[in-house]
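In case it helps, mature numbering (1 follows the signal peptide of the UniProt record, and there is no 0) puts the sequence shown at residues -24 to -1, 1 to 316. The C-beta atom is built at its ideal place from N, Cα and C for all residues, glycine as well. Structure first, commentary second.
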Amino acid sequence: MSTIKRCLLTAALATALQVSAANAADFTKSPSVTLRLSSASPAGMDDSRALKDAAEFLSKETNGTVTLKPFFASALFDEIAGMSAAQSGLVDMAIACTCNMTKQTDSMLFSDLPYLWSEMDNGRKVWDGPIGQQIGETMRKNLGLRALAFAPSGGGYRILWNNSREIRTPADAKGLKIRTTATPLEQEFWKRMGAIPTPVDIGETYSALQQDLVNGEHLQPAWLTLLKHDEVVKHGTEIDALAVYRILVINDKSFNKMDEQQKAAFQRAMTLFEERAYQYNRELRETSLAQFRKRGGKIYTPTEAELKEWRAAGRGIWDSELVTAKIPKETIQKVLDAQK
């Protein structure tokens, strides 16, 4: 999204919120509703900060009749269990990375393809457009969950971090032991780069880097500093391969606990949530990178020619059986077209 469009959208949102407040509805006959939300993100993460803003806004908009109560840092459930809890009604709402939605649906698997997202803000063109709407309709019909918003997470694209050397091209990554999850797609990505994918739990990655059990990781900058991994890596390379988005949902029965004017206020709160999430995502990226540099870390931005090498290697996965067996080519093309 261009700066001008973003500014216009922000201004329009601010105007809408002001008009809403000025024409506050009468909630004296509205039910009192508390919505418990499960999140694995820490309170300081971009999506968490946006949720807190949305909760405050919703309370004011409904004269305190609707309370959005987020529980952060897996206080209730981790992401996968949290989404299942929202589906069963144990909690009212949940937020999770699209990559952690496979227990419920495969419809968002495309989001994890390397070099699919040309810009972080392009997420809105996809998630808020026909593709996202179709996903939402399917989820409501099959799972009883309403997709409310999609938000970026972690401060922008993942960065290739390592404690060994400056990496400019895929050839430079050859032999590097990269911490990965157990996801086959992620492991295949690094194999194609000549690196050695090494599955390590995120909670054990700090010590693994410290002890050279792995040499690097592919992680968003906000998570790097939050987990203090900036203490044990020295180099970063902005390969712009993977963007991470989170989906926010509400159980349909919980949604229907609200009356019509409460639902309208709730939808405005979700619009605010998404706008703030993108804003905080950009801010967290800058502050996290600044913190890394302050520690003496160095970040390399590849030239366009070097990025072409990364893209070619990454997009080579798209035609692999690993991808074609689960993600239709038509879906990939629709996502690419939506970003134009």
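Reduced DSSP secondary structure (H/G/I, E/B, other) of N118: helix
Kindly confirm or deny that the region 49 to 64 and the region 97 to 108 touch, where touching means at least three C-beta pairs closer than 8 Å. no
Considering only residues of the region 232 to 278, which uninterrupted beta strand (DSSP E) runs meet the minimum length of 3 residues and lie entirely inside it, listed in chain order? Look at the region 232 to 278 and you find these whole runs of beta strand (DSSP E), each 3 residues long or longer: 274 to 276.
Starting from Y182 and walking both ways along the alpha helix (DSSP H), at which residues does that stretch end? T181 to Q186
Return helix, strand or coil for F47, following the three-state DSSP convention. strand
Given a cut-off of 8 Å on the beta-carbon distance, is the pair N257 and P128 in contact? yes
For I178 and A72, I'd like the C-alpha separation in whole angstroms. 16 Å
I want to know whether the region 217 to 232 touches the region 179 to 189 - three or more CB-CB distances under 8 Å. Counting Cβ pairs under 8 Å, fewer than three are found: no touch.
Going by DSSP, which residues form a beta bridge with E69? The residue you asked about is not Glu; residue 69 is Met in the sequence shown. Answer by DSSP bridge pairing, in chain order: L13 and I226.
What number of angstroms, rounded off, separates the C-alpha of A(-3) from the C-alpha of K36? Residue confidence is low: A(-3) scores 39 on pLDDT, short of 50, so the model does not pin down where it sits. Its coordinate-derived value is still stated next. Taking the straight line joining both Cα atoms gives about 12 Å.
For A(-3), the three-state DSSP class (helix, strand or coil): Caution is warranted here: a pLDDT of 39 is assigned to A(-3), below 50, making its placement in the model unreliable, and no coordinate value can be reported.
Between F249 and A62, is the Cβ-Cβ spacing less than 8 Å? no
By Cβ distance below 6 Å, which residues in the same chain neighbour I303 in space, the five residues on each side in sequence not counted? L85 and F86
DSSP puts Y91 in a beta bridge; with which residues? The partner list for Y91 (beta bridge, DSSP) is empty, contrary to what the question assumes.
Could you have a look at G99 and say whether DSSP puts it in helix, strand or coil? For G99, the three-state secondary structure derived from DSSP is helix.
Roughly how many whole angstroms lie between the Cα atoms of A219 and T4? 44 Å
Using DSSP's beta-bridge definition, name the partner residues of G192. According to DSSP, residue pairing for G192 in a beta bridge involves N138 and I154.
Quick one, are the C-beta atoms of K233 and P46 less than 8 Å apart? No.
Thinking C-alpha only, which one of K167, V299, D82 and Q237 is nearest D2? Q237
So is E251 buried or exposed if we call it buried at 16+ other beta carbons inside 10 Å? buried
Using beta-carbon positions only, say whether A171 and D22 come within less than 8 Å of one another. no
Please classify A266: is it buried, with 16 or more other beta-carbons within 10 angstroms of its beta-carbon, or exposed? Looking at its Cβ environment, which holds fewer than 16 other Cβ atoms inside 10 Å, A266 is exposed.
Taking C-beta to C-beta, are H211 and R261 nearer than 8 Å? In this structure, H211 lies away from R261, with their beta-carbon atoms at least 8 Å apart.
Nonlocal neighbours in the same chain, by C-beta distance under 6 Å from S94, ignoring five residues either side: Here the set comprises Q315.
Supposed close pair K153, T174 - CB separation, criterion 8 Å: 5 Å
Looking at T213: is its Cβ nearer than 8 Å to the Cβ of L92? No, Cβ-Cβ distance for T213 and L92 is not below 8 Å.
Once DSSP output is grouped into helix, strand and coil, what is the label at T4? coil
I need the DSSP call for V220, collapsed to helix, strand or coil. coil
Report the residue from A240, T277, F268 and F242 whose alpha carbon sits nearest the alpha carbon of D216. T277
Tell me which same chain residues have a C-beta within less than 7 Å of the C-beta of S264, skipping the five on either side of it? G131, P197, A198, L200 and T201
Beta-carbon within less than 8 Å of F231's beta-carbon, same chain only, minus the 5 sequence neighbours each way: which residues are those? R122, K239 and F242
Between which residues of its own chain and T307 is the CB-CB distance below 6 Å, once the five residues before and five after are set aside? F86
Coil, strand or helix - F53 by DSSP: coil
I think W286 touches P146, with their Cβ atoms under 8 Å apart; what is that distance to the nearest whole Å? 6 Å
Checking the sheet assignment: what are the DSSP bridge partners for T174? R155
What does DSSP give as the partner residue(s) for P128 in the beta ladder? P128 is bridged to Y221.
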